[in-house]
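Order-wise, the sequence lines are chains C and E. Its first residue numbered 55, the first sequence is counted upward by one per residue in this note's numbering. Its first residue numbered -14, the second sequence is counted upward by one per residue in this note's numbering.
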Amino acid sequence: GDSVTQMEGPVTLSEEAFLTINCTYTATGYPSLFWYVQYPGEGLQLLLKATKADDKGSNKGFEATYRKETTSFHLEKGSVQVSDSAVYFCALSDPRVSGTYKYIFGTGTRLKVLA
Amino acid sequence: GAVVSQHPSRVICKSGTSVKIECRSLDFQATTMFWYRQFPKQSLMLMATSNEGSKATYEQGVEKDKFLINHASLTLSTLTVTSAHPEDSSFYICSARATPSVRNSPLHFGNGTRLTVT
């Protein structure tokens, strides 16, 4: 079945450092890919998405490119801030395969940015 | 837009009692809502898919008699944890997708409910 694999955390960076959080997926169809962010004690917020190969999603300085050839959707940011400290989830959805709009989430990667 | 309100944000109850959690889509209609459970430092586990006007679809291993789901309107789904036990303590999160759904529309999440059963 479909699955999402994320790099294990926690990831600890200094402010203004470059961030990469790896995400790879397996899917039988052509899923849409998402990154969600969860701040402490809160639900998930959509950060960015990409719906087809070579699409680049971007928001708040974060970017991720849908790479079909490597089945990846790595999250990047050029200069992180303390306020970026959160848990980041990679997810996919392909209702054409599953028949529903269920999302499959990765295990989440905790990011801690130090001032 | 696309706000999902979840209430309460935090609840403490005694073992054996029942707790109801509400999930409302404030500015859109949602025929389908999803209920997740999140264990500490772990990912989200889909518990059930809530369908307006019909029975919920539960994931394998989730007790439907213990986690009662009611989706009475296009903007409200409720999860009731019946006869709660300490092992039910967890973070419960609901999500919804606007209706009519399109393939690439994202899920919108509530802020979650921290349930503690003593």
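Note that beta-carbon positions come from the ideal geometry of N, C-alpha and C, so glycine has one too.
With the criterion set as a beta carbon lying under 8 Å from some beta carbon of chain C, the members of the stretch 3 to 34 of chain E are 17, 19, 26, 27, 28, 29, 31 and 34, in sequence order. Scanning its chain for C-beta atoms nearer than 7 Å, with the 5 sequence neighbours on each side dropped, one finds around residue 44(E) the residues 31, 32 and 33, in chain order. Counting only Cβ-Cβ distances below 8 Å, residue 78(E) has contacts in chain C at 97 and 98, in chain order. Counting C-beta atoms within 10 angstroms of its own C-beta, residue 58(C) has 16 or more neighbours from the protein chains shown and is therefore classed as buried.
The beta carbons of residue 78(E) and residue 94(E) sit closer together than 7 Å. Beyond the five residues adjoining it in sequence on each side, residue 48(E) comes within less than 6 Å, by CB distance, of no other residue in the same chain. Residue pairing by DSSP puts residue 62(E) in a beta bridge opposite 8(E). For residue 94(E), the closest Cβ of chain C is nearer than 7 Å.
Along the stretch 110 to 131 of chain C, there is no position whose C-beta sits under 8 Å from a C-beta of chain E.
Under the DSSP definition of a beta bridge, residue 67(C) partners with 167(C). Residue 90(C) places its beta carbon 7 Å or farther from that of residue 73(C). Counting along the chain, the unbroken beta strand (DSSP E) around residue 117(C) starts and ends at 116 to 119.
The residue among -9(E), 10(E), 82(E) and 23(E) with its C-alpha nearest the C-alpha of residue 73(E) is 23(E). Annotation for residue 58(C): the continuous beta strand (DSSP E) segment containing it runs 57 to 60. Look at residue 166(C): its C-beta is not under 7 Å from any C-beta on chain E. The residue among 164(C), 56(C), 169(C) and 77(C) with its C-alpha nearest the C-alpha of residue 119(C) is 77(C).
Secondary structure at residue 130(C): strand, using DSSP grouped into helix, strand and coil. The three-state reading of DSSP puts residue 47(E) in coil, since its state is none of H, G, I, E or B.
One thing to note: residue 102(E) has its Cβ within 7 Å of the Cβ of residue 69(E). For residue -7(E), not one C-beta of chain C is nearer than 7 Å to its own C-beta.
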